[in-house]
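Written out below as structure tokens is the structure these notes cover.
In our numbering, the protein residues as written are 0 to 234.
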């Protein structure tokens, strides 16, 4: 029935994440079919099977764990597949995986329809990911010593630039207009700088303006009821 994938990393030891994963899937009616270790002892593999439920005909999960010493993080790759069915039945593995990563304090995301073969190849491609949405990293706010000690200074507009007259508005000065206070106030108002308004576009990522297809992961407009890529009915 095809497979879908999910990638993320977490700055925790591999043993701690591995034990949390075993506990979660056993609690959610997952049958641990196989636990293995690669020949180079760098990648742990966990095979899980869930039987038929009210919303699914069964799912299989292949979860791989590897520890990267360069950034002291555990990298996890998940391959989910349906025993039988398609379309709306993908909601079951999606909800389970998002529930699991939420317990690990990882931002939930959607499954993608293609694999990334070099995900664990840290030596050749330490940080290169072809599509950023394939990797979900742990959120870490960056606070430096400069941000704490020195507050950001706001830039004040230069007074000379605001009141500099244009060469097209220079006219001979009348003695009566120079004595009239109303005419002087109007001349200053004409030199206001235009305001630049940035229009938001659909290309910018906005989780409230788009809907992702649960079958192929394609990004659609919020007003669409069916996926523009595969035709699956959107949630």
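Note that beta-carbon positions come from the ideal geometry of N, C-alpha and C, so glycine has one too.
Being a predicted model, the structure only gives us computed values, none of them experimental.
In the three-state reduction of the DSSP assignment, residue 97 falls in the helix class. The three-state secondary structure of residue 85, taken from DSSP, is coil. The segment 26-39 makes no contact with the segment 4-11, as fewer than three CB pairs between them are under 8 Å.
Below 8 Å, too few C-beta pairs join the segment 57-66 and the segment 99-108 to call them touching: fewer than three. Considering only 1, 121 and 36, the residue with the shortest C-alpha distance to residue 14 is 36. In the three-state reduction of the DSSP assignment, residue 75 falls in the strand class. DSSP, reduced to helix, strand and coil, places residue 119 outside both helices and strands of the structure shown, so it counts as coil. Taking a 10 Å sphere around the C-beta of residue 12, we find fewer than 16 other C-beta atoms and assign the residue as exposed. Residue 32 carries a strand assignment under DSSP once its states are collapsed to helix, strand and coil. Separation of residue 221 and residue 40 (C-alpha to C-alpha, rounded to the nearest whole angstrom) is 45 Å. At a Cβ-Cβ threshold of 8 Å, residue 99 and residue 23 count as neighbours. Residue 55 has its alpha-carbon roughly 10 Å from the corresponding atom of residue 85. Only residues of its own chain outside the window of five on either side were considered, and among them 211, 226, 227, 228 and 229 have a CB closer than 8 Å to the CB of residue 217, listed in chain order.
Residue 78 and residue 48 have their C-alpha atoms spaced approximately 12 Å apart. Non-local C-beta neighbours of residue 17 in its own chain, meaning closer than 8 Å and more than five positions away in sequence, comprise 43, 45 and 64, ordered along the chain. Apart from sequence neighbours up to five positions away, the residues of its chain that approach residue 92 with a beta-carbon distance below 6 Å are 58 and 79, ordered along the chain. Just measuring C-alpha positions, the residue of 213, 224, 10 and 232 sitting nearest residue 112 is 213. Between residue 10 and the set 110, 51, 26 and 68, the nearest pair of CA atoms involves 68. Across the structure, residue 20 and residue 121 are spaced so that their CA atoms are roughly 23 Å apart.
Setting aside the 5 residues that flank it on each side, residue 66 is surrounded in the same chain by 13 and 73, each with a C-beta closer than 7 Å to its C-beta; the list follows chain order. If you look at residue 44, you'll find it in the beta strand (DSSP E) that goes 42-49.
Secondary structure at residue 104: coil, using DSSP grouped into helix, strand and coil.
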